[in-house]
Amino acid sequence: MSFLIPCPNCGNRSVYEFRFGGEVQAPPTSAAPPGDWQKHRFNRVNAAGVQAEWWFHRSGCRQWMQAVRNTVSNEVLESFLPGDKQE
Amino acid sequence: MQLFSKNRMWRQHELRSSYDVVIVGAGVHGLAAAYYLGKKHGVRKVALLDKSYLGAGASGRNTAILRSNYRTPEGIPFYDASLKLYEGLSRELDWNLLFSQCGHLTLAHSDSSVTGLRVRAENNQLLGVNSRIIGREEIGNLVPSLNLSESTRYPILAALYHPPGGIIRHDAVVWGLARACDRMGIEIHAFTEVTSIIVENHRAVQVITNRGRVAAGAVLNATAGWATTISRMAGVPLPIVTHPLQACVTEPLKPFLDTVIVSATLHVYLSQTDKGELVIGAEIDPYQSYSMKSTLPTLEQMATYTLELFPQLHGMRILRQWAGICDMTPDFAPIIGTSQEVSNFYMDVGWGTYGFKAAPISGKCIAELIATGKPPGLIQPFSPARFETGNLVGEKAAAAVSH
Numbered sequence: 001m002s003f004l005i006p007c008p009n010c011g012n013r014s015v016y017e018f019r020f021g022g023e024v025q026a027p028p029t030s031a032a033p034p035g036d037w038q039k040h041r042f043n044r045v046n047a048a049g050v051q052a053e054w055w056f057h058r059s060g061c062r063q064w065m066q067a068v069r070n071t072v073s074n075e076v077l078e079s080f081l082p083g084d085k086q087e
Numbered sequence: 088m089q090l091f092s093k094n095r096m097w098r099q100h101e102l103r104s105s106y107d108v109v110i111v112g113a114g115v116h117g118l119a120a121a122y123y124l125g126k127k128h129g130v131r132k133v134a135l136l137d138k139s140y141l142g143a144g145a146s147g148r149n150t151a152i153l154r155s156n157y158r159t160p161e162g163i164p165f166y167d168a169s170l171k172l173y174e175g176l177s178r179e180l181d182w183n184l185l186f187s188q189c190g191h192l193t194l195a196h197s198d199s200s201v202t203g204l205r206v207r208a209e210n211n212q213l214l215g216v217n218s219r220i221i222g223r224e225e226i227g228n229l230v231p232s233l234n235l236s237e238s239t240r241y242p243i244l245a246a247l248y249h250p251p252g253g254i255i256r257h258d259a260v261v262w263g264l265a266r267a268c269d270r271m272g273i274e275i276h277a278f279t280e281v282t283s284i285i286v287e288n289h290r291a292v293q294v295i296t297n298r299g300r301v302a303a304g305a306v307l308n309a310t311a312g313w314a315t316t317i318s319r320m321a322g323v324p325l326p327i328v329t330h331p332l333q334a335c336v337t338e339p340l341k342p343f344l345d346t347v348i349v350s351a352t353l354h355v356y357l358s359q360t361d362k363g364e365l366v367i368g369a370e371i372d373p374y375q376s377y378s379m380k381s382t383l384p385t386l387e388q389m390a391t392y393t394l395e396l397f398p399q400l401h402g403m404r405i406l407r408q409w410a411g412i413c414d415m416t417p418d419f420a421p422i423i424g425t426s427q428e429v430s431n432f433y434m435d436v437g438w439g440t441y442g443f444k445a446a447p448i449s450g451k452c453i454a455e456l457i458a459t460g461k462p463p464g465l466i467q468p469f470s471p472a473r474f475e476t477g478n479l480v481g482e483k484a485a486a487a488v489s490h
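Line order of the protein sequences matches chains H and G.
With the first letter of the first sequence counted as 1, position 82 gets the number 82 in the working numbering; the numbers rise by one all the way through.
In the working numbering, each number is its position in the second sequence, counted from 1, plus 87.
Here it is, written out as structure tokens:
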């Protein structure tokens, strides 16, 4: 097993139960020019370090959640359901 | 001691204060770019910087498979030009790269994958690449050890046969190119990590490393795995997400397999080396990471799928398992060209899981771009600007698992 993700509903579960949903990004405003939306669609920070990201507990509670993970060590620092935590 | 130091394949140097071209990443892509800059364009005041030893990254971690049976009219001529350069590279470098054009089989286990392979075969033939669909009987003749039973979960229906494909000694490619670069006076600086890039007036003017700073006429990002990190230093964003890719090697066996076997349905590809070991590769890990630790689920997956194809290997032991990290782009095609934000910052990145086979042609084209300012036609479809214009190169069907 490579690493565990603490699911807010199910507790520590294997990463292979989850679907990775990519880094958390703020979308441009609706008034933003199309170029900004293109950048939002494709460009990624792809951080080598701690980042917030989306995960879907596919083989568990089937909820989308966010986790804060170090992408170099794969250590998950925290996880929470969207809306449970104010950014 | 004298005997050994005299015969070094490349020398060590002090870092100079300035170079015409600074190449970040001394893997096959960086080395090929330096080689063609020196050989074709006479640009020899070039420094290759690598944060580790030569071949520590993807150049030494790939499964050494070469092929050109891609899917798109942009991809096929590009990879085919690369294969042709590889065919002449041993002679050119005067260094045996152990290139074995043993043939490459991509298996289809469903009607839809047969359709996909047929599209590739037709496109390949139109563009002059030796590639065709073969049926079960011919597959059995080529690979008698393959399990062609119809009672497996995913019976083999057909295959895309690509005779010029094969395997090469990947470390030898790194060493041969490094020696050729060194002989032209190009400097290779291993264990030299780039920490930042100074940009003034939309030009990259200085590269700062752990061994000091160097001024640069042009900077090429030729890293794999760290492409986003290096480009971000120059303020250039990239549409890349980095995923690990794992492979393993078994104990040696008598020679029984003389073609490369790929199955996209089973997410596995394998070949037998000259030493007799089986080299087995997996699909990318299903999550973004910079970790190069191998994992048990992927090993289980590689073993399971290998046994679907070759059940007789059930007693084989694994010698090693490892991971490399891959810069995945949205369209499974690379990003080659000048950055839009910084006029002398060039990129040969986004090589996902298919960079090794494309190194010679990428190096040749990017060298021409750096030396002349004009991108050769072969790399124009892969320009960084394609994500703004929406002209993506959909190579996923031929590049995702099938190496």
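Backbone N, C-alpha and C fix where the C-beta goes; we use that ideal spot for every residue, glycine too.
query: Nearest chain H C-beta to G:Y140 closer than 8 Å, yes or no?
result: no
message: Just to confirm my understanding: we take H:P28, look at its own chain, exclude 5 residues before and 5 after, and list those with CB closer than 7 Å. What are they?
response: D36, W37, H40
message: Please classify H:A32 as buried or exposed, where buried requires at least 16 neighbouring CB atoms within 10 angstroms.
response: exposed
Buried versus exposed call for G:D435 [16 or more other C-beta atoms within 10 Å across all chains shown]: buried
task: Please report how far the alpha carbon of G:E482 lies from the alpha carbon of G:N94, in whole angstroms.
output: 43 Å
Beta-carbon contacts of H:W54 that lie in its chain and below 7 Å, excluding the five residues immediately before and after: G21, G22, V24, W64, Q66
task: Answer yes or no: does any C-beta atom of chain H fall closer than 8 Å to that of G:F42?
output: This structure cannot settle anything about residue 42 of chain G, because the visible part of chain G is limited to 88 through 490.
message: Run through the DSSP bridge pairs and tell me what H:R69 is partnered with.
response: According to DSSP, which records beta bridges pairwise, H:R69 is partnered with H:Q51, H:V76.
- prompt: Going along chain H, which residues have a C-beta under 8 Å from G:L325?
  reply: N43, R44, N46
- request: Determine the burial state of G:T416: buried for a count of at least 16 other Cβ atoms within 10 Å of its Cβ, exposed for fewer.
  value: Of the other Cβ atoms in all chains shown, 16 or more fall within 10 Å of the Cβ of G:T416; this residue is therefore buried.
- prompt: Which residues, in chain order, does the segment 413-426 of chain G contribute to contact with chain H at a C-beta distance below 9 Å?
  reply: D414, T416, P417
field: Which of helix, strand or coil DSSP assigns to G:S449
entry: In the structure shown, G:S449 sits in a helix (DSSP, three-state: H, G or I).
message: Between H:G11 and chain G, is the shortest Cβ-Cβ distance under 8 Å, so that the two count as touching?
response: no
message: Taking the alpha carbon of G:I152 as the reference point, which residue from G:H401, G:V260, G:L353 has its own alpha carbon closest?
response: G:V260
- prompt: Could one say the Cβ of G:T391 lies closer than 8 Å to chain H's Cβ atoms, at least one of them?
  reply: no
field: Test item: CB-CB of G:I412 and G:P331 under 8 Å
entry: yes
query: Is H:R41 helix, strand or coil by DSSP?
result: Correct three-state label for H:R41: helix.
task: Less than 8 Å between the CB atoms is what I'm expecting for G:G58 and G:G142, so what's the real figure, rounded?
output: The shown model of chain G, from 88 to 490, leaves out residue 58 of chain G, and the question about it has no answer.
Within-8 Å CB hit, H:V50 to chain G: no
Positions along the segment 60-81 of chain H whose CB lies within less than 8 Å of some CB in chain B: Among the protein chains of the structure shown, namely H and G, there is no chain B.
task: Just tell me which of G:D181, G:L247, G:Q212, G:T360 has its CA closest to the CA of G:A267.
output: G:D181
- prompt: So, does the CB of G:H490 fall closer than 8 Å to a CB anywhere in chain H?
  reply: The predicted position of G:H490 is uncertain, since its pLDDT is 47 and thus under 50; a value taken from the coordinates is nonetheless stated next. So, not an interface residue.
query: First and last residue of the beta strand (DSSP E) that includes G:S283?
result: 281-287
message: So for H:S2, helix, strand or coil by DSSP?
response: coil
- prompt: If you check the beta carbons only, do G:M271 and G:R131 fall under 8 Å apart?
  reply: Closer than 8 Å, so yes.
field: Inter-stretch contact at 8 Å, needing at least 3 Cβ pairs: the segment 404-411 of chain G / the segment 370-385 of chain G
entry: yes
message: Please report the distance separating the alpha-carbon of G:T239 from that of G:I285.
response: CA-CA distance, G:T239 to G:I285, rounds to 58 Å.
query: The alpha helix (DSSP H) with G:E274 in it runs from where to where?
result: From DSSP, G:E274 is part of no alpha helix (DSSP H) but of the beta strand (DSSP E) over 274-276.
- prompt: Any C-beta of chain G sitting closer than 8 Å to the C-beta of H:V56?
  reply: This sequence places Phe at residue 56 of chain H; Val is not what is there. Answer no: the Cβ-Cβ gap between H:F56 and chain G never drops below 8 Å.
- prompt: Mind checking whether G:G144 and G:A311 have CB atoms under 8 Å apart?
  reply: yes
task: Let me know the alpha helix (DSSP H) ranges lying completely inside the segment 194-244 of chain G, each 4 residues or longer, listed in chain order.
output: Listed in chain order, the complete alpha helix (DSSP H) runs (minimum 4 residues) inside the segment 194-244 of chain G are 198-213, 223-229.
- prompt: If you compare alpha carbons, which of H:V68, H:F56, H:S30 is closest to H:E17?
  reply: Here the closest residue by C-alpha is H:F56.
query: Comparing alpha-carbon positions, which option in G:F443, G:L386, G:N288 lies nearest G:N431?
result: Comparing Cα positions, the closest option is G:N288.
- request: Classify G:V349 as helix, strand or coil using the three-state DSSP reduction.
  value: Strand at G:V349.
task: Would you be able to state if there are at least three C-beta pairs under 8 Å between the segment 359-375 of chain G and the segment 336-344 of chain G?
output: yes
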